[in-house]
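Convert by adding 37 to the 1-based position in the sequence shown; the result is the number in the working numbering.
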Amino acid sequence: MPLRLALLALAASAALAPAPAADLPARKPAPAAPPALSACTESDSIPIDAFGFTTGSEVADPGSFGASLSYGGGFGARDGRQSVHGLQLQGSYGLWPCIEIGPYLLGGYTDATIAGMKADARGLGAGLEMKYRLLGRDLHGLGLTIVVDPSFNRTDPTGAGPFTTYNTGLRLYADTALIRGKLYAALNLSQDLTWTGPSPYQRSSTLTLAGSLAWQVADGLYLSGEIRHQRRQNELGLGDNLGYATFAGPGVYWQATKALAISAAYNVQLAGKAKGQPGDLDISNFSQHLVKLKAAYNF
38 MPLRLALLAL AASAALAPAP AADLPARKPA PAAPPALSAC TESDSIPIDA FGFTTGSEVA
98 DPGSFGASLS YGGGFGARDG RQSVHGLQLQ GSYGLWPCIE IGPYLLGGYT DATIAGMKAD
158 ARGLGAGLEM KYRLLGRDLH GLGLTIVVDP SFNRTDPTGA GPFTTYNTGL RLYADTALIR
218 GKLYAALNLS QDLTWTGPSP YQRSSTLTLA GSLAWQVADG LYLSGEIRHQ RRQNELGLGD
278 NLGYATFAGP GVYWQATKAL AISAAYNVQL AGKAKGQPGD LDISNFSQHL VKLKAAYNF
């Protein structure tokens, strides 16, 4: 009997002993979690300046900084000649995810002769563009950014006293990929609310609706075509219309280096009407020809 008990104890201990590692079933590693999608990140990026005067929806990454210098020119006026030249020096900083701020400085010069009288003017100003990305293309199929853009400009016209103009731009920038890596579309809607001195301040506003297509013909090279419609009101709302104009034109964007990008755009007024004025164009409230040149650098 003692021998039988000893054999039973040995069998029990063998059954309870841990199996060798080679006999254990292999444990598969846990699958990697897919990257989290957000409105702020895109796998298929499109430069905001690839659409000409129209603007794309993307914002700067948190902590990133860039700078740009833009030239804007407007030419053509009723009852005379006018050329408007403006420079804008702007910085952009990704403050938080989906939030970008862009302070800027303005400088401008107008060379004009209206109805035989000289109407030159110089101006200096500043502003702050604030962007918040609501939707992303990867997550929603549509990029959507809301923009608030307050600014002021001190103007000194020839033969008159200087005055200050305050402007607040409220904008929506939307874009989408029609063919990923190749063809993109953008839509902009904006309302500029303007107070012009001297006191009592005159109130006016400009509504802009713009659409553009951008085609990537090579890596970092985009060609665009756009159409824009603008309406000028003699109040802050949408009533008391002073005139309207429809523009169209091409644009080009070139990513010259990893950090430097250059873009250009041209618009011509195709149709319009100024209140109380003859003709099929509004060159009382808007220029007939518009030019935009921009160089941007990311640090």
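Note that CB positions come from ideal geometry on N, CA and C, so glycine has one too.
Open item on the list: By the three-class DSSP mapping on this structure, what secondary structure does Glu166 have?
Closed with: strand
Task: the region 233 to 240 / the region 208 to 216 touching (three or more Cβ pairs under 8 Å) - done: no
Task: Per-residue burial, Lys168 [other beta carbons within 10 Å of its own, 16 or more giving buried] - done: buried
Open item on the list: Cutting at 6 Å between CB atoms, please list the residues of its own chain near Cys77, excluding the five before and the five after it.
Closed with: Pro134, Cys135, Arg170
Open item on the list: Rounded to whole angstroms, what is the Cα-Cα separation between Gly274 and Ile320?
Closed with: 22 Å
Task: CA-to-CA distance, Gly316 to Ser324, given in whole angstroms - done: Going from the Cα of Ser324 to the Cα of Gly316 covers about 14 Å.
Open item on the list: If contacts are defined as beta-carbon pairs under 8 Å, then Leu230 and Gln267 qualify, I think. What distance do you get, rounded to the angstrom?
Closed with: With a contact defined as Cβ atoms closer than 8 Å, Leu230 and Gln267 miss out at about 14 Å.
TODO: Indicate the three-state DSSP secondary structure (helix, strand or coil) for Asp317 in the structure shown.
DONE: coil
Open item on the list: For Gly313, count the other beta carbons within 10 Å of its own beta carbon; 16 or more makes it buried, fewer makes it exposed. Which is it?
Closed with: So Gly313 ends up on the exposed side.
TODO: Please report how far the alpha carbon of Leu220 lies from the alpha carbon of Gly196, in whole angstroms.
DONE: 50 Å
Open item on the list: Quick check on Leu124: buried or exposed, where buried means 16 or more other Cβ atoms within 10 Å of its Cβ?
Closed with: That one is exposed.
- [ ] Closer than 6 Å by C-beta to Ala298: which residues in its own chain qualify, once you throw out the five before and the five after it? Chain order, please.
- [x] So the qualifying residues of the chain are Gln292, Ala333.
- [ ] Compare the beta carbon distance of Thr233 and Ile264 with 8 Å and say whether it is the shorter of the two.
- [x] no
TODO: Return helix, strand or coil for Ala193, following the three-state DSSP convention.
DONE: A quick correction: the sequence has Asp, not Ala, at residue 193. If DSSP states are grouped into helix, strand and coil, Asp193 belongs with the strands.
Task: Backbone CA spacing between Ser120 and Thr294 [nearest angstrom] - done: 33 Å
- [ ] Use the C-beta contact count for Ser80: other C-beta atoms within 10 angstroms, 16 or more gives buried, fewer gives exposed.
- [x] exposed
TODO: With DSSP collapsed to three states, give me the class of Ile85.
DONE: helix
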